[in-house]
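Student: Residue numbers (the working numbering): 148 to 551.
1) When the Cβ atoms of the stretch 227–238 are set against those of the stretch 476–493, are three or more pairs found closer than 8 Å?
2) Could you spell out the range, first to last residue, of the beta strand (DSSP E) harbouring residue 229?
3) My understanding is that residue 468 touches residue 219, with C-beta atoms under 8 Å, so please give their C-beta distance in whole angstroms.
4) Less than 6 Å between C-beta atoms, sequence neighbours within five positions excluded: which residues of the same chain meet that for residue 253?
5) Give the secondary structure of residue 453 by DSSP, where H, G and I count as helix, E and B as strand, and everything else as coil.
6) What ranges does the alpha helix (DSSP H) occupy inside the stretch 278–350, keeping only unbroken runs of at least 4 residues that lie completely in it?
7) Taking the Cβ atom as the reference point for each residue, do residue 249 and residue 268 lie within a distance shorter than 8 Å?
8) If I follow the unbroken alpha helix (DSSP H) through residue 379, where does it start and stop?
9) For residue 183 and residue 375, I'd like the C-alpha separation in whole angstroms.
10) Please list the terminal residues of the continuous beta strand (DSSP E) segment that includes residue 356.
11) Assuming residue 505 and residue 480 form a contact by the criterion Cβ under 8 Å, report the distance between their Cβ atoms to the nearest whole angstrom.
12) Starting from residue 150 and walking both ways along the beta strand (DSSP E), at which residues does that stretch end?
13) Answer yes or no: do residue 343 and residue 236 have a C-beta to C-beta separation smaller than 8 Å?
14) Among 534, 496, 347 and 494, which residue has its Cα nearest to the Cα of residue 509?
15) Does residue 403 come out as helix, strand or coil in the three-state DSSP assignment?
16) What do you get for residue 202, buried or exposed, if any count of 16 or more other CB atoms within 10 angstroms of its CB means buried?
17) Quick one: is residue 444 buried, meaning 16 or more other Cβ sit within 10 Å of its Cβ, or exposed?
18) For the beta strand (DSSP E) containing residue 238, list its first residue and its last residue.
19) To which residues does DSSP link residue 234 through a beta bridge?
20) Which one or two residues does DSSP pair with residue 507 in a beta bridge?
21) Looking at the strands, I want to know which residues DSSP matches up with residue 436.
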């Protein structure tokens, strides 16, 4: 088999693991691929390289793939997502001053209780002429949407009561240290970097806001997927096998060492291993705590591109960009996620395959066996913290019930 080279863009985050490990462990080579990685420092740069052909595919924010396809902030360019690189994996880290006011010491806070106390503190600071400021990695990011979802449900208007600014992930801890922001919502290892430096405390993880929330994806221009369909399907298989390897505890230490290398995350293998193993250091003066499902790959069809997840992201784009609902735009948003490519690539392999392409997001409160076309599939709990359920066939009804 001849070897095809693919250039993959990424940011130095733990959830860039699967393409990196697919190359390092030979899963890409087994599929006739050689992956060359191009590291950037901001999501804008990752996207630019992808759109201008400097990369073939990229580790990308799921909402950014949809925003790009719909022409939000730049001319529309259709992207395709045949594989989800992981669920969750982010946290809300606050300055010690703010964390001490809104959250219990030594443990994660409850989203509702933290929200109540945060709302009171926002009011107190406003009376003194000060505002609470949060940093997120991009306006069109799951970080932004989950942070906003949580704030709004707690009675805090994200665009009026607080400031939300954009900070590239590698600079998030610096922004907290320099008191430019009071809190950050970012992926690992950058929350842990802030904790290790003693400039912040992890108060919430985004898995508490939406237990199975979609996070980073493998994205590429839609025309490239069609032109290189066989190559992309081989890449999907390589990522699938890398994901299975990634979740095995016996491989955590080795994988953390690989990801920590200078050409990849250029960071601490200890911090990376904690994220991989769902053991998070919340504050510098306490031991790590178990945070179930902090990062979620492979199991329960975690890498399957559910069109209902794309629809939820579209609903939040409508909500926070103050847009009118469009059935055509919903269809375009959903078509960014390509379950058909995932299915074709992994047909006959050892992965359970959902029988449907969409589901009611947030509806599973316990283990639930679901229909599958390949193997047996059981989904775990996937609630939103407020108990709401998202039906992708009724976006307008869903939005009408949400706080403004």
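For every residue, glycine included, the Cβ atom is placed at its ideal position computed from N, Cα and C.
Tutor: The relevant details are as follows:
1) At 8 Å Cβ cutoff, the stretches touch.
2) Run containing residue 229: 226–231, per the beta strand (DSSP E) assignment.
3) Indeed, because the Cβ distance is near 7 Å, the residues count as touching under 8 Å.
4) Closer than 6 Å at Cβ, skipping near neighbours: 433.
5) Here DSSP, grouped into helix, strand and coil, assigns residue 453 to coil.
6) Every unbroken stretch of the alpha helix (DSSP H) spanning 4 or more residues and falling wholly within the stretch 278–350 is given here in chain order: 289–300, 319–324 and 337–343.
7) Against a cut-off of 8 Å, the Cβ pair of residue 268 and residue 249 comes out as a contact.
8) Here the alpha helix (DSSP H) through residue 379 covers 376–393.
9) Near 17 Å, if we compare the C-alpha coordinates of residue 375 and residue 183.
10) Careful: residue 356 lies outside any beta strand (DSSP E) and carries neither H nor E.
11) 12 Å between Cβ atoms; not a contact.
12) Neither: residue 150 is in no beta strand (DSSP E) and is coded neither H nor E.
13) Contact: no.
14) Of the residues 534, 496, 347 and 494, the one whose Cα lies closest to the Cα of residue 509 is 534.
15) For residue 403, the three-state secondary structure derived from DSSP is helix.
16) That one is buried.
17) By the neighbour-count rule (16 or more Cβ atoms within 10 Å), residue 444 is buried.
18) Looking at the DSSP string, the run of the beta strand (DSSP E) that includes residue 238 is 237–241.
19) Residue pairing by DSSP places residue 234 opposite 361 and 443 in a beta bridge.
20) Paired residue(s): none; residue 507 is not in a bridge.
21) Beta-bridge partners of residue 436 (DSSP): 427.
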